[in-house]
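Protein sequences, first through last, are from chains A and B. So for the first sequence, UniProt numbering puts the first residue at 1; every next one is plus one. So for the second sequence, UniProt numbering puts the first residue at 1; every next one is plus one. Every residue gets a Cβ at the ideal spot worked out from N, C-alpha and C, and that includes glycine. Remarks on the structure that follows.
Protein chains: 2
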Amino acid sequence: MLKYETIAQNIQSRIESGDLAPNDKLPTVVDLCDRYGVSKITVKRAFEILTEKGLIASKRGSGTYVKNTTELFDTGSVDPLLVGEDGTREDTFGFTRSDQPIGFTASHSARGRSVSSVVYDFSVTNPPESVARHLNISPYDFTYYFCRVRCLEGEPITIEYTYMPIDVTPGLKRDQLYHSVYAFVQDTLGLKISSFHRIIRAVGATEEEAERLQLDTSAPLLEISQVGFLDDGTPFEFSVARSNGKRSELRDVNVI
Amino acid sequence: MLKYETIAQNIQSRIESGDLAPNDKLPTVVDLCDRYGVSKITVKRAFEILTEKGLIASKRGSGTYVKNTTELFDTGSVDPLLVGEDGTREDTFGFTRSDQPIGFTASHSARGRSVSSVVYDFSVTNPPESVARHLNISPYDFTYYFCRVRCLEGEPITIEYTYMPIDVTPGLKRDQLYHSVYAFVQDTLGLKISSFHRIIRAVGATEEEAERLQLDTSAPLLEISQVGFLDDGTPFEFSVARSNGKRSELRDVNVI
DNA sequence: AAGTGGTCTAGACCACTTC
DNA sequence: AAGTGGTCTAGACCACTTC
């Protein structure tokens, strides 16, 4: 593990354990330099990681402090609050960088939930013009196309429509669709997934979607359209995922 | 302007002008050090900014390359694609760090659109228990509470419910609700807004919301619940904003 | 005046890719 | 073997806050 990662992790542990409470002042940068035998830039790097996670905030001339964030993220669900609302959402998906598992399978099985899939379509086709543009390929190139519903503990949560260029991710089999396609891309093909560009919207379920997700037609769905990129910048997937609005949420920490 | 900001901006301009095309290789770090008369860490910092924006990707041992992102972000709207969909969304709100204006007023008026508000409620109350928890205050403390509808070119887009502790943002007047409350917080009160923690969901419009947003009851809305923090970590607002799903979207670049 | 974080230098050393 | 980005040092200098 890198030095700045070690330092960041140590501090994060102290915050999570309550050893460092909200509004507490962290040791100064120079203090930590001495304690870890590193130079300022390394401590600064560690602080940046934690700042990005929304855990701390540095104030020039004053010090670095633990942010008061336990409330929002510990409750597990947002409160009913202003409008009559239901309980806990099960498909919670964080934006936070680098320490969250990617994809539906990884984020849920990491929490000990059973993930399953129903596959409604799996074919090789020419992508629609707009999809080809997003994938940086020609509409005459071939892509895998599949539609599947992801379930948590047997309950349908998300319907996914995905295009993947066969030249980039060759050898995809129907079998893999029942498990993690990202695991196939990373482990079997040895490719490195590096980023996603997303657009998030709220839409109503079509009749077909409502049936597949066991909802009423026009029920609100959280839609995430995304292009996934490999580390060399090649787009490897275009997908649209629509999730039951009552059971899904996205979390985000936005540092200005 | 800081050196790394200058370098990042120069490169970004070259990408936006097309001078650096997708998949082009950037000058090497050492090259740029020479050219700008700076050290490696400074160039690296510039690269980090652009990496975070999703514009470039560095590959150790090989070089740094322009990512192929024009498609997703240039179209102005996502394509109809798989499911029958409508046209351009007007309320587009990026996640990207540090160069986007914050809040509804700033992001839209920056693009030359007229922003107006309808205020449905403005009062001082004790916050619900859950809101008090998020704001790190007692339920017996007082908060401003207001509900307003934000309009673009006269058309209602978003309905907002906001709580702000009166001890943190004293002196809020009804007048300000017709303009930017964030401008009041930053410019009039001199406070520094530093981050937001958000949860994003899809919900159906209540009857009242449907009427205020001129939609059908149960129409899909994109909901953003957020706690806003000042630079010293004090929560200054808890708000829930629900936006017309047909006219709003969130954008995000997620680097792993 | 003393303390604190932010930027930056000039370089060393390393891991990895490319040829 | 040569080239490239990533981590890190030991410090200088600065902007800002606190007292």
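Residues of chain B with CB under 7 angstroms from N68 (chain A), in chain order? Within chain B, the residues near N68 (chain A) are N136, G233, P235.
Taking the alpha carbon of F146 (chain B) as the point to measure from, which residue in B:K246, B:V119, B:P156, B:N126 has its own alpha carbon closest? Nearest to F146 (chain B) by alpha-carbon distance, out of B:K246, B:V119, B:P156, B:N126, is B:V119.
Starting from the beta carbon of N126 (chain B), find every residue of chain A whose beta carbon is closer than 9 angstroms, and list them in chain order. By Cβ distance, chain A contributes nothing, its closest Cβ being about 14 angstroms from N126 (chain B), past 9 angstroms.
Are three or more beta carbon pairs between the segment 210-220 of chain A and the segment 160-180 of chain A nearer than 8 angstroms? Taking 8 angstroms as the limit for Cβ pairs, the verdict is that the segment 160-180 of chain A does not touch the segment 210-220 of chain A.
Rounded to whole angstroms, what is the Cα-Cα separation between E16 (chain A) and H134 (chain B)? Roughly 18 angstroms separates the two Cα atoms.
Mind reading off the beta-carbon distance from V185 (chain A) to E52 (chain A)? Whole number of angstroms is fine, and I expect it under 8 angstroms. The pair is not a contact, with the Cβ atoms about 26 angstroms apart (cut-off 8 angstroms).
Taking only beta carbons into account, state which residues of the segment 190-210 of chain B come closer than 7 angstroms to chain A, listed in chain order. For the segment 190-210 of chain B, the residues whose beta carbon sits under 7 angstroms from a beta carbon of chain A are, in order, I193, S194, S195, F196, H197, R198, I199, I200, R201, A202, V203, G204, T206.
Can you list the alpha helix (DSSP H) stretches of 4 or more residues lying completely in the segment 122-146 of chain A, in chain order? The qualifying runs are 129-135.
For D34 (chain B), count the other beta carbons within 10 Å of its own beta carbon; 16 or more makes it buried, fewer makes it exposed. Which is it? D34 (chain B) comes out exposed.
Could you name each continuous alpha helix (DSSP H) segment of 4 residues or more that falls completely within the segment 161-227 of chain B, going from the start of the chain to the end? List check, alpha helix (DSSP H) in window: 207-213.
State the DSSP-derived secondary structure class of E16 (chain A), mapped to helix, strand or coil. E16 (chain A) falls in the helix class under three-state DSSP.
For a contact defined as C-beta to C-beta under 9 angstroms, what are the partners of I41 (chain B) on chain A? The contacting residues are I41.
Which partner residues of A57 (chain B) appear in the DSSP bridge assignment? DSSP output for A57 (chain B) lists B:Y65 as bridge partner(s).
Member of A:I200, A:E209, A:G233 whose CA lies at the smallest distance from the CA of V168 (chain A): Checked all of A:I200, A:E209, A:G233; the closest Cα to V168 (chain A) is A:G233.
Does the beta carbon of Y65 (chain B) sit closer than 8 angstroms to a beta carbon anywhere in chain A? Closer than 8 angstroms: yes.
From the DSSP output, in three-state form, read off A8 (chain A) for me. A8 (chain A) carries a helical assignment under DSSP once its states are collapsed to helix, strand and coil.
So for R45 (chain B), helix, strand or coil by DSSP? Helix.
Could you tell me how far apart the beta carbons of T164 (chain B) and T143 (chain B) are, in whole angstroms, since I believe they sit closer than 8 angstroms? First, the amino acid is wrong: residue 164 (chain B) is Met here, not Thr. Rounded to the nearest angstrom, the Cβ distance from M164 (chain B) to T143 (chain B) is 6 angstroms, consistent with a contact under 8 angstroms.
To the nearest angstrom, how far is the alpha carbon of F73 (chain A) from that of D141 (chain A)? For F73 (chain A), the predicted model reports a pLDDT of 43, less than 50, meaning its position is unreliable and no value from the coordinates is stated.
Does any CB atom of chain B fall closer than 8 angstroms to the CB of V185 (chain A)? At a cut-off of 8 angstroms, the C-beta of V185 (chain A) has no neighbouring C-beta in chain B.
Taking CB distances under 8 angstroms as the criterion, tell me whether S46 (chain A) reaches chain B. For the sequence presented, residue 46 (chain A) should be read as Ala rather than Ser. For A46 (chain A), the nearest beta carbon of chain B is not closer than 8 angstroms to its own beta carbon.
Between the CA atoms of F104 (chain B) and V43 (chain A) - distance to the nearest angstrom: V43 (chain A) and F104 (chain B) have their C-alpha atoms roughly 36 angstroms apart.
So, at 8 angstroms on beta carbons, what are the nonlocal neighbours of V29 (chain B) in its own chain, with the 5 sequence-adjacent residues on each side left out? Beyond the five residues adjoining it in sequence on each side, V29 (chain B) comes within less than 8 angstroms, by CB distance, of K40, V43, K44, F47, T64 in the same chain, given in chain order.
In DSSP terms, what D252 (chain A) is bridged to: D252 (chain A) is bridged to B:R198.
Run through the DSSP bridge pairs and tell me what P156 (chain B) is partnered with. According to DSSP, P156 (chain B) bridges with B:C151.
Partner residues on chain A for K3 (chain B), Cβ-Cβ distance less than 9 angstroms: In chain order: nothing, as chain A lies at least about 15 angstroms away.
Taking the DSSP output, what are the residues bridged to K246 (chain A)? Residue pairing by DSSP places K246 (chain A) in no beta bridge whatsoever.
Residue of B:K59, B:D31, B:L26 minimising C-alpha distance to V66 (chain B): Minimum Cα distance to V66 (chain B) is reached at B:L26.
Residue 257 (chain B) classed as buried or exposed, judged by whether at least 16 other C-beta atoms fall within 10 angstroms: One cannot answer for residue 257 (chain B) here, as it falls past the ends of chain B, which runs 1 to 256.
With a threshold of 8 angstroms between beta carbons, is D19 (chain A) in contact with chain B? The beta carbon of D19 (chain A) sits no closer than 8 angstroms to any beta carbon of chain B.
Taking DSSP's pairing of strands, which residues face A241 (chain A) in a bridge? DSSP lists A:E160, A:I224 as partners of A241 (chain A).
Can A202 (chain B) and L222 (chain A) be called in contact, C-beta distance under 8 angstroms? Yes; because the gap between Cβ atoms is below 8 angstroms, this pair is in contact.
Test: H222 (chain B) CB closer than 8 angstroms to a CB of chain A: Looking at the sequence shown, residue 222 (chain B) is not His but Leu. At a cut-off of 8 angstroms, the C-beta of L222 (chain B) has a neighbouring C-beta in chain A.
DSSP three-state label for L26 (chain A), please. DSSP places L26 (chain A) in coil when its eight states are reduced to three.
Quick check on L2 (chain A): does DSSP put it in helix, strand or coil? Looking at L2 (chain A) - three-state DSSP - the assignment turns out to be coil, as it is neither helix nor strand.
Looking at the C-beta of K25 (chain A), does it have a partner C-beta in chain B at a distance below 8 angstroms? Taking Cβ atoms only, chain B never reaches closer than 8 angstroms to K25 (chain A), which makes this a no.
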